[in-house]
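The numbers in the numbering used here rise by one with no breaks, and the one at position 120 of the sequence shown is 184.
We put the beta carbon where it would ideally sit given N, CA and C, even for glycine.
Worksheet for the structure shown next.
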Amino acid sequence: MRLIVASNNNHKVQEIKDILKPLGIEVVSLKEAGINIEVVEDGKTFEENAYKKAKVIYDLTKEAVLADDSGLEVYALNNAPGVYSARFAGEECNYKKNNEKLLKLLEDVPDDKRGARFVCTMILITKEGKIIKSIGTIEGVISRELKGTNGFGYDPLFIVPELNKTFAELSEEEKNKISHRARALENLKELLRDYFKERA
């Protein structure tokens, strides 16, 4: 089975390749599949965005496609930034501005009310058009300052309580074992095993 990942993010594609390798699935990025298309993510939920990305590429190729959308939900902010995680501080923002905005909004929020979670929703459309959905989450707490230099996005602010470290203080290997995307992928791996059994 060949699977097109609706992304050109090399880290993401490599992680998916590593986790799905035991199933003997050939994973390729959009670039490797020769597709140059930018899908506008205008859905109101992670699932809508992931489905839209997968469907556009599936309609184009009629091959199996995997897409995901993920972000940070902060409970004290009614689950914001959510689907707007990447552009939280405006269209022209970057990781630094997003983190600054988050810290500012949580300035007066006490430590015991700074809970948050990272969410990753994956949608896989098989060659026959069957839709397989997988969700991965990890609970954490938003720090009062940036810590660590690894990772990207909100990683320097997201503390994993069990480890008492932010995502940015973990090595890529450590993060990939517990991240929301890793959990969604592990779940997807089991769902794909069931799918292959049904077809056998």
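Identity of the residue in the options nearest residue i by Cα
| i | options | result |
| --- | --- | --- |
| glycine 215 | Arg208, Lys117, Tyr139, Lys160 | Lys160 |
| arginine 247 | Leu84, Asn73, Met65, Thr230 | Leu84 |
| threonine 185 | Tyr115, Glu127, Glu203 | Tyr115 |
| aspartate 130 | Ser207, Ala264, Lys177, Thr190 | It is leucine, not aspartate, that sits at residue 130 in the sequence shown. The residue with the shortest Cα to Cα distance from leucine 130 is Thr190. |
| glutamate 127 | Arg151, Ser93, Asn74, Pro220 | Ser93 |
| leucine 227 | Leu210, Thr213, Glu203 | Glu203 |
| glutamate 105 | Gly98, Gly217, Gly146, His75 | Gly146 |
| threonine 125 | Ala232, Glu155, Ala150, Ala70 | Ala70 |
| proline 225 | Asn162, Gly98, Ser207, Asn158 | Ser207 |
| leucine 210 | Asp82, Lys168, Ser149, Ala140 | Lys168 |
| alanine 153 | Leu166, Asn143, Asn142 | Leu166 |
| threonine 213 | Glu250, Lys261, Phe231 | Phe231 |
| arginine 151 | Ile99, Asn251, Asp176, Glu164 | Glu164 |
| arginine 245 | Ile68, His75, Arg66 | His75 |
Collapsed DSSP secondary structure at residue i in the structure displayed
| i | result |
| --- | --- |
| glycine 179 | strand |
| glutamate 192 | coil |
| serine 198 | strand |
| isoleucine 99 | coil |
| alanine 140 | helix |
| valine 224 | strand |
| lysine 239 | helix |
| lysine 253 | helix |
| lysine 117 | helix |
| lysine 229 | strand |
| tyrosine 218 | coil |
| glutamate 209 | coil |
| alanine 246 | helix |
Beta-ladder partner(s) of residue i, from DSSP
| i | result |
| --- | --- |
| glutamate 90 | Arg66 |
| serine 134 | Cys184 |
| isoleucine 128 | A small correction: the amino acid at residue 128 is alanine; isoleucine does not occupy that position in the sequence shown. Its beta-bridge partners are Leu67. |
| glycine 203 | A small fix is needed here, since residue 203 is glutamate in this sequence, not glycine. Note: glutamate 203 sits in a beta bridge opposite Arg181. |
| tyrosine 145 | Per the sequence shown, residue 145 should be read as proline rather than tyrosine. Paired residue(s): Glu137. |
Are the stretch 117-136 and the stretch 184-202 touching by the rule of at least three beta carbon pairs closer than 8 Å?
yes
Okay, do the stretch 87-107 and the stretch 244-260 touch, 3+ Cβ pairs below 8 Å being the bar?
yes
Do three or more CB pairs link the stretch 189-199 to the stretch 228-242 at distances below 8 Å?
no
How do the stretch 105-124 and the stretch 164-173 stand: do at least 3 beta-carbon pairs fall below 8 Å, yes or no?
no
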